Structures are given as C-alpha cells and as structure tokens.
Amino acid sequence: MVSSVKATKATLQTIADEVGVSRSTVSNAFGRPDQLSPDLREKILETARRLGYAGPNPTARSLRRGRAGAVGVLFTGSLSQALSDPYAVQFLSGLAAAAEARQTGLLLIPLSLGDPEAATQALNEAAVDGFCVYCASDWRGSLDIIRSRGLPMVTTEDPAEAGPDALVVALDERAATRAVGDHVTGLGHRRIAVLSDLVAPDAHNGPVDVPDPDSLPYYISRERIRGFRDALVAAGGRWSDVLVLHAEENLRAAGAAAAAFALDRADRPTAILATTDVLALGALDALAARGLQPGRDVSVTGFDDIPEAAAAGLTTVRQPSTRTRPVILRRM
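Going left to right, the sequence shown walks through residues 1 to 332 as the numbering used here numbers them.
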C-alpha cells in the first residue's frame, strides 16, 4: 500500500512533517545549507529524494531572492555561427568558468537579424540579472531594450553605442591594428590587401569598394580597418591603393576564397592584413594552394590570438579576454 505522504505531491511542508522539522528548515536545506548541520541536511535531502521532491520551484525562488542567478550573453546571428568562431568559443569557455566560480548560469541569446520581433521577445523575457553584449552592435535595438529593463550591461563592443551606464570591457581595436599596420609598413610593404568580414552586408567573397572606412556600418570591422588605414597613410601610402577583400562569414574557407582574388592578380599584394585570425588562416590556405610561402612571398597578419594562430606561426593581436571575464560578472 502506498502511504498517504507518497500519494500526494511532495512539498516543503510534507517533507517537514516527515522529518519533524519546520518548513523553513527544509527550505534552508536547499537554499542556505550553511544554516544546518550536515547530518540534518542529508536527512532532509534523503527524505526529499524518497518522496520525489526535486527542490523549490526555481522561478519562485528567484522571485523571493530578487535574483535570477544567470547572465544573458548576446550574439548576433545564430548560435551555431557564434560557436564556429574559435575566439567566441574561447571567450565563452572563460566566461563559463568565471560564472561557475560565482554559481551563476549563462543564458545564450542569439539575435536573428532577420527577425527583430523574436529578438525583442527574447530580450524582454530573459530571466537574467544582467547582460553581456558580446557581439550585437549591428542590431542596435537590443541595447535599447536592455536599458528599458534597467539591468546592468557589459559590452565588448562600441563604447559610444553602449552609453554611459554600460561597462565597456574592450580592446582599442583601432590602436591595435594601427600597431600591426605600422609593423607591416615598417618592413617596407606598400602593396597591401585588407581582409575582413562584415564590410558589405550583401557582398560575396572577393574585392569590395571601400572609399572611406569611417563609413563602414559594423563597429569591429570599421575600427580595425581604420587602424590599418591610419598606418598606411602615416607611412606615406594612399588608402585608395589598398585592395579590400570581403569574406561572407568569419570562416576559414571564406577567408581563403576572398584571398584568392588578391593572390591571382598580376600585381598581387605583398601583405594581407586580416581582421581575424580565422580569415588570416584562410589566407594562408590560399597561399599554400598556390605554392606561395608566407613571409617570403606574401606576409599575412591576423587578430585574436586563437590557438591555431600560434600553431601556424601567424603574426596576430592578443585579446585580453582572460582578464575581462571576471570583470564582466562582477558588474552583475
């Protein structure tokens, strides 16, 4: 025969009655274990398991505490695209480790550029204590929604767009690529190609016309290309002589396809400056397919310092992501 306790849905009170303690003591066993002796807590948890009680409702518990116990991480596009980017994976891995140390969860929120209504709903309904805007500057409405909710926001993107209330944890993109450009022009390179994604939204892999980098719509690409432009002009070159190569996505294959247009020219560039390591690795693939040697025939630089870059001996820019992850969570 099934006991009357087991026949009804287990609650904090039924567990309290079974163990012979107060309801608040049972609640502490789940939410404030330091308030109980180890033996009593284990007795309560064992009784809960026996009665089929999994624990307090997480939504109700969040309402009582006034905290969701999670941080929302925003990405532009699909989550599968974000997780194909080695630097994004590296960033998320470190952020997850920092979150675990604080017993905080991460809610990954992909923002589809083709469905702003769904993106708006996701941001409004996300049960989080704050947001980390990793890569969402090209859907500006996301920042307005976060501000309207009054939640803390940390961004790795455009400081001007983020606003005065947001904490910006980011590298000076323009200064970083200026340093790369200074190094390359210092070696005597003047016939230069710049390889980047997010230059022209509807363009295919290959050359694109960029008369003025200041007018580019996407923050990261714009700032990194501006840094390259600054270095070339400072060395006496002309931006109009630079071949800008657009990659449809931040994928190695796209980088190789775009770089091919430059390498197959009669006046091929002596240096390809890529805005990401992934695209730079693609350029190296294109060189190898043509029997060209990096550094000897064509110099290639990247940005991000992903593990694959070191293995390939790629000149790149290291992002300070390890130091920024705990800072992001302390803001929440």
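Ideal Cβ placement from N, Cα and C applies to all residues, glycine included. All values reported here derive from a predicted model rather than from experimental measurement.
Collapsing the DSSP output to three states places Pro217 in coil. Linking Thr185 to Ser240 through their CA atoms gives a straight-line distance of about 16 Å.
For His183, the enclosing alpha helix (DSSP H) begins and ends at Glu173 to Gly186.
By the Cβ rule, the segment 274 to 285 counts as touching the segment 302 to 311, because three or more pairs are nearer than 8 Å. The closest CA to that of Ala231, considering only Phe30, Leu273 and Asp182, is found on Asp182. Restricting attention to Pro110, Glu125 and Val194, the CA atom closest to the CA of Gln81 is found in Pro110. In this chain, the beta strand (DSSP E) harbouring Ile109 covers Gly105 to Leu111. DSSP, reduced to helix, strand and coil, places Ile192 within a strand of the structure shown. Between the segment 145 to 163 and the segment 198 to 207 there are fewer than three C-beta pairs closer than 8 Å, too few to call the two in contact.
When the alpha-carbon of Asn124 is set against those of Ile145, Cys135, Val133 and Thr104, the nearest one is in Ile145. Annotation for Val73: the continuous beta strand (DSSP E) segment containing it runs Ala70 to Thr76.
If only uninterrupted beta strand (DSSP E) runs of at least 3 residues are considered, those enclosed by the segment 215 to 282 are 243 to 247 and 271 to 274.
Excluding five sequence positions before and after Asp285, the CB atoms of its chain that fall closer than 6 Å to its own CB belong to Ala256, given in chain order.
Within its own chain, the residues whose Cβ lies closer than 7 Å to the Cβ of His189, once the five positions on either side in sequence are excluded, are Thr270, Ala271 and Ser299, listed in chain order. For Phe91, the uninterrupted alpha helix (DSSP H) segment begins and ends at Pro86 to Ala101.
Nearest C-alpha to Arg238 among Thr47, Leu36, Ala48 and Ala193: Ala193. Beyond the five residues adjoining it in sequence on each side, Leu51 comes within less than 6 Å, by CB distance, of Ala10 in the same chain, given in chain order. By the Cβ neighbour-count rule, Gly236 is exposed, with fewer than 16 other Cβ atoms within 10 Å of its own.
Counted as a single uninterrupted DSSP element, the alpha helix (DSSP H) harbouring Val26 occupies residues Arg23 to Gly31. Taking Leu92 as the centre and dropping the five residues before and after it, the same chain places no C-beta closer than 6 Å to its C-beta. The three-state secondary structure of Val19, taken from DSSP, is helix. Leaving aside the five residues that flank Ala162 on each side, the residues in its chain whose CB is nearer than 8 Å to its CB run, in chain order, Val133, Leu143, Met153, Thr155 and Val168.
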